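**Student:**
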Amino acid sequence: MGTAMVSVILPVYNVERYLRQSLDSILDQTLTDFELICINDGSTDGSRAILEEYAQKDARITVLDQENHGLGAARNRGLAVAQGEYVIFLDSDDFFAPELLERTTLAAREQNADIVLFGGVRYNDATQKVTQERQFLRRDLLPRKSVFSRTDVPNTLFTLTTPTVWCKLYARRFLLETELQFQTLPNAEDIYFSFSSMAMAERITAVDADLISYRMNRPHSLEQDKHTSPLCFLEALRALYQELLQRGLFEQLQTSFRAFGLSTTLYNLKSVRTDEARLQILEALDCEPYCQLPLQEVPGIDDGNTMIHRSSLQLSAARDWYHQSERFSLLSQQDDGEEYRITPPSEQENIQVSVIVPVYNTAPWLDEALSSIANQTLREIEIICINDGSTDESLEILERWAARDSRFVLFSRPNAGLSCACNLGIAQARGEFLYFMDSDDWLERDALEQSVAVMREKALDALFFDWVTFYDSEEMAAASPRVQINDTRSHAYDDVCEGPTLLRRFCEESNYSGIVWRQFLRADFVRENALSFVPGLLYEDNPFTFAVLLNAKRAFHLRRTYYHYRIREASITTKPITFYNVYSWYQCFHAMLRTYFEVAPEMTPENRRVALGRVADMLNKSRNFYSMMSSECEASELGLRENLYAFQMLVGNVARENQRAKELNQKLQRTYVEKSELNRKLQKTYAEKSE
35 MGTAMVSVIL
45 PVYNVERYLR
55 QSLDSILDQT
65 LTDFELICIN
75 DGSTDGSRAI
85 LEEYAQKDAR
95 ITVLDQENHG
105 LGAARNRGLA
115 VAQGEYVIFL
125 DSDDFFAPEL
135 LERTTLAARE
145 QNADIVLFGG
155 VRYNDATQKV
165 TQERQFLRRD
175 LLPRKSVFSR
185 TDVPNTLFTL
195 TTPTVWCKLY
205 ARRFLLETEL
215 QFQTLPNAED
225 IYFSFSSMAM
235 AERITAVDAD
245 LISYRMNRPH
255 SLEQDKHTSP
265 LCFLEALRAL
275 YQELLQRGLF
285 EQLQTSFRAF
295 GLSTTLYNLK
305 SVRTDEARLQ
315 ILEALDCEPY
325 CQLPLQEVPG
335 IDDGNTMIHR
345 SSLQLSAARD
355 WYHQSERFSL
365 LSQQDDGEEY
375 RITPPSEQEN
385 IQVSVIVPVY
395 NTAPWLDEAL
405 SSIANQTLRE
415 IEIICINDGS
425 TDESLEILER
435 WAARDSRFVL
445 FSRPNAGLSC
455 ACNLGIAQAR
465 GEFLYFMDSD
475 DWLERDALEQ
485 SVAVMREKAL
495 DALFFDWVTF
505 YDSEEMAAAS
515 PRVQINDTRS
525 HAYDDVCEGP
535 TLLRRFCEES
545 NYSGIVWRQF
555 LRADFVRENA
565 LSFVPGLLYE
575 DNPFTFAVLL
585 NAKRAFHLRR
595 TYYHYRIREA
605 SITTKPITFY
615 NVYSWYQCFH
625 AMLRTYFEVA
635 PEMTPENRRV
645 ALGRVADMLN
655 KSRNFYSMMS
665 SECEASELGL
675 RENLYAFQML
685 VGNVARENQR
695 AKELNQKLQR
705 TYVEKSELNR
715 KLQKTYAEKS
725 E
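The structure is reproduced here in structure tokens:
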């Protein structure tokens, strides 16, 4: 056999189910002047026998055998023996249009091209459905000329097509000149070869046709199994980056490199099948050698590049949450608090109430809050203040109060959030009762004395009272319309009952509130039931209050307004919604669900139903907040350290479906209004003509 026009290089590994279709589609090409080099990469199924069968029938087929070394090594082996004027690398589980070789070689010869690009479709192996795939060939990004190179499309060269080689035809003399070889990686082996070749090529052309059917969703494909070697794409990016630097091409192509690097990093984070693999990628991005990859947005160079800007924000969100998640895991480690103590242990005796006050950057309101506690009519109290890493004057204010009032017990720790501060307060409390107070609100002067009296009179585990909400300013009232003000409960619940029953009554009358400063607790009850706050959350009150009500044997509502809650700027309730809000509601759901299962067997069916409804409400809040986030914030979920897919199934996917349904309903309503208006005009016109 003489020299062929095209060398078709076909690596084969355990694809007996698809191999005949693939081989037939190659042998049925309208261009017959080709050699088919099949590299059996150590197949353990019937693939080798099929190759031998076809080779005996067609002299154009050459079969090479090697131990299993992967696609890259197999392609290199085929390239080493190829004799064709052109080379095309195809995959043995795909199938191809009959005119593939004819149309691509014709374009290559007419344009004297180094590389010919072409498009393709996706074939779903599970459903047998065919879908268009614009990424195989971005026709909208192609320059308006028949032949081009990197100088024509420097900012989009690596987004014109996918990094796969099976949607490209190469001139063999070009490959010999560049001496390019495939990386021998378990996956992503073609990124370096494909994009290095495009960067070096002086003449690239494209055939505007879909000539390949890419099989997807088949078992045990490299895409399906890439979680076993999740860093291959980063190694490929690093090799491509080094190649561009070495050849002096990076400065010209840096925008295109960053666009592709960011998109493929996000794609791999989203598509690897295990949390372990995803976390390996996130960790590798912070370590040598991959931390040197230029994946960030560069002001002045990438200005106006929407793709890079959005992808950069998304990757930053994922990485930030990865580090935030690590911080949360550290917060869960308990400590005795002595290393954070500022004042010596109090020498007070007969402490009736331990008031626990977490403090974080509330200097403008702190004096008012502390004054309302220090001036309580009940004097036998300790005031445990935990400065949670404040960066304003809050600590100085606390120290002044502690210096003049021996009832103050002061701790100062690095910022760890309200939950950790409250847990520290519980651990240090010596009072018979516990009360949690926010450091920017204030308390009625007789609140503690009256609460103690009711607790003792009725032998309660938990007492709930009412509150009033006020805005810090008129500007805040106008700026925070989403903050719902729920003040005094609409009903009195003036009999002692079990906590689950009181929870049900609250919920049935829409009077339930999970906020912790609306309750007064017996300290031994809290300790006996090991009640604590989940570290690292916003809305940390909700799981705690839920656990209080489900565990309390004797609970009571006192219809008195004791607490004044301030709505102010930069508080949790008025800040913009981020993934932190979403994830906190999601963790509240999990914490409350655990509590529910612990206590449910002891509850009545009616109480179980209502309690489970409260749990579901946390999940719904997470979904609602998810739909209110920016699309960039959504990528934060990729930084979760565990159970990403559970989160996506329970929250992200449902929120997106709900949002699509909402948008569809709005569209239908607009259409209905438009049709109603049109009908009204027609009726008016008809009436005028009749008149």
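First residue of the sequence shown? That's 35 in our numbering, and the numbers climb one at a time after it. Glycine included, each C-beta is placed from N, C-alpha and C at the ideal position. In this text, all values refer to a predicted model and were calculated from it rather than measured experimentally.
Do you know offhand how far Ala318's Cα is from Glu310's?
**Tutor:** If you take the alpha carbons of Ala318 and Glu310, they lie about 12 Å apart.
**Student:** Please classify Cys622: does DSSP put it in a helix, a strand, or coil?
**Tutor:** In the structure shown, Cys622 sits in a helix (DSSP, three-state: H, G or I).
**Student:** Within its chain, find whatever has a CB closer than 8 Å to the CB of Ser380; leave out the 5 residues flanking it on each side and keep chain order.
**Tutor:** Within the same chain, Ser380 has close Cβ partners Glu416, Ser440, Arg441, Val443, Arg464.
**Student:** Output the boundary residues of the alpha helix (DSSP H) element that contains Gly106.
**Tutor:** Unbroken alpha helix (DSSP H) run through Gly106: 105-115.
**Student:** Identify whether Trp355 lies in helix, strand or coil by the three-state DSSP scheme.
**Tutor:** Looking at Trp355 - three-state DSSP - the assignment turns out to be helix.
**Student:** So which of Thr612, Asp558, Phe623, Phe613 has the shortest CA-CA distance to Asn576?
**Tutor:** Cα-wise, what sits closest to Asn576 is Phe623.
**Student:** How long is the line joining the alpha carbons of Asn158 and Gln55, rounded to whole angstroms?
**Tutor:** For Asn158 and Gln55, the distance between alpha carbons rounds to 15 Å.
**Student:** Would Phe208 be called buried (16 or more neighbouring beta carbons within 10 Å of its own) or exposed?
**Tutor:** Its Cβ being crowded by 16 or more others within 10 Å, Phe208 is buried.
**Student:** Apart from the five residues on each side of it in sequence, which residues of its chain come closer than 7 Å, Cβ to Cβ, to Arg111?
**Tutor:** Ile73, Leu98, Gln100.
**Student:** Determine the direct distance from the alpha carbon of Ala669 to that of Ile519, and round the result to whole angstroms.
**Tutor:** Any reading at Ile519 must be qualified, since the residue scores a pLDDT of 49, below 50, and its modelled position is unreliable; the value itself is stated next. Each residue's alpha carbon lies about 32 Å from the other.
**Student:** By Cβ distance below 7 Å, which residues in the same chain neighbour Ser59 in space, the five residues on each side in sequence not counted?
**Tutor:** Hits under 7 Å: Phe129, Phe130.
**Student:** So what does DSSP say about Ile519, is it helix, strand or coil?
**Tutor:** Annotation note: pLDDT 49 at Ile519 (below 50); position unreliable, coordinate value reported separately. Here Ile519 sits in coil by DSSP.
**Student:** Check this for me: beta carbons of Glu500 and Leu400, under 9 Å apart or not?
**Tutor:** The sequence shown places Asp at residue 500, rather than the Glu named in the question. No.
**Student:** Mapping DSSP to helix, strand and coil, what is Gly686?
**Tutor:** Looking at Gly686 - three-state DSSP - the assignment turns out to be helix.
**Student:** Helix or strand or just coil, what does DSSP make of Lys492?
**Tutor:** In the structure shown, Lys492 sits in a helix (DSSP, three-state: H, G or I).
**Student:** Could you tell me whether the Cβ atoms of Phe613 and Met652 are closer together than 9 Å?
**Tutor:** Contact flag unset, no.
**Student:** What is the rounded straight-line gap between the Cα of Gly106 and the Cα of Gly118?
**Tutor:** Whole-angstrom Cα-Cα distance: 20 Å.
**Student:** With three or more beta-carbon pairs closer than 8 Å as the criterion, would you say the segment 217-234 touches the segment 133-140?
**Tutor:** Contact fails: fewer than three Cβ-Cβ distances are below 8 Å.
**Student:** Do the segment 154-174 and the segment 269-278 make contact, defined as three or more Cβ pairs closer than 8 Å?
**Tutor:** Cβ pair count under 8 Å is below three, so no.
**Student:** Are there 16 or more other CB atoms within 10 angstroms of the CB of Glu69, so buried, or fewer, so exposed?
**Tutor:** Buried is the call here.
**Student:** Going by CA-CA distance only, name the one from Phe578, Tyr573, Val46 that's closest to Gly533.
**Tutor:** When only C-alpha atoms are compared, the closest one is Phe578.
**Student:** Taking only the alpha-carbon atoms, compute the straight-line gap between Asn251 and Thr139 and give it to the nearest angstrom.
**Tutor:** Roughly 30 Å between the two C-alpha positions.
**Student:** To the nearest angstrom, how far is the alpha carbon of Ile418 from that of Leu404?
**Tutor:** Straight-line Cα distance between these residues: approximately 11 Å.
**Student:** DSSP state of Trp200, grouped into three classes?
**Tutor:** Trp200: coil per DSSP, three-state reduction.
**Student:** Rounded to whole angstroms, what is the Cα-Cα separation between Val736 and Arg353?
**Tutor:** Absent from the structure is residue 736, since the part of the chain shown begins at 35 and ends at 725.
**Student:** Inspect the beta-carbon positions of Phe580 and Ala496 and report whether they are closer than 9 Å.
**Tutor:** It is not a contact, given that the beta carbons lie outside the stated cut-off.
**Student:** I need the boundaries of the beta strand (DSSP E) containing Cys419, first residue and last residue.
**Tutor:** Cys419 -> beta strand (DSSP E) spans 415-422.
**Student:** Does the distance from the CB of Phe170 to the CB of Leu203 come in under 9 Å?
**Tutor:** No, the Cβ-Cβ distance between Phe170 and Leu203 is not below 9 Å.
**Student:** How would you call Thr298, buried or exposed, if buried means at least 16 neighbouring beta carbons within 10 angstroms?
**Tutor:** So Thr298 ends up on the buried side.
**Student:** Can you list, in chain order, the residues of its chain whose CB lies under 6 Å from that of Ser126, leaving out five sequence neighbours each side?
**Tutor:** So the qualifying residues of the chain are Leu44, Val46, Val49, Leu53, Ser56.
**Student:** Report the option in Ile315, Arg237, Ala233, Gly423 whose CA atom is closest to the CA atom of Leu287.
**Tutor:** Among Ile315, Arg237, Ala233, Gly423, the Cα nearest to that of Leu287 is on Ala233.
**Student:** Which one or two residues does DSSP pair with Glu69 in a beta bridge?
**Tutor:** Answer is Ser41.
**Student:** What did DSSP end up calling Gly153 once you bin it into helix, strand or coil?
**Tutor:** Correct three-state label for Gly153: strand.
**Student:** When the Cα atoms are used, what is the spatial distance from Val181 to Ser247?
**Tutor:** Taking the straight line joining both Cα atoms gives about 25 Å.
**Student:** Which two residues bound the contiguous beta strand (DSSP E) that contains Ile390?
**Tutor:** Element bounds for Ile390: 387-393.
**Student:** CB Met637 to CB Trp551, shorter than 9 Å?
**Tutor:** Result no, Cβ atoms of Met637 and Trp551 do not sit closer than 9 Å.
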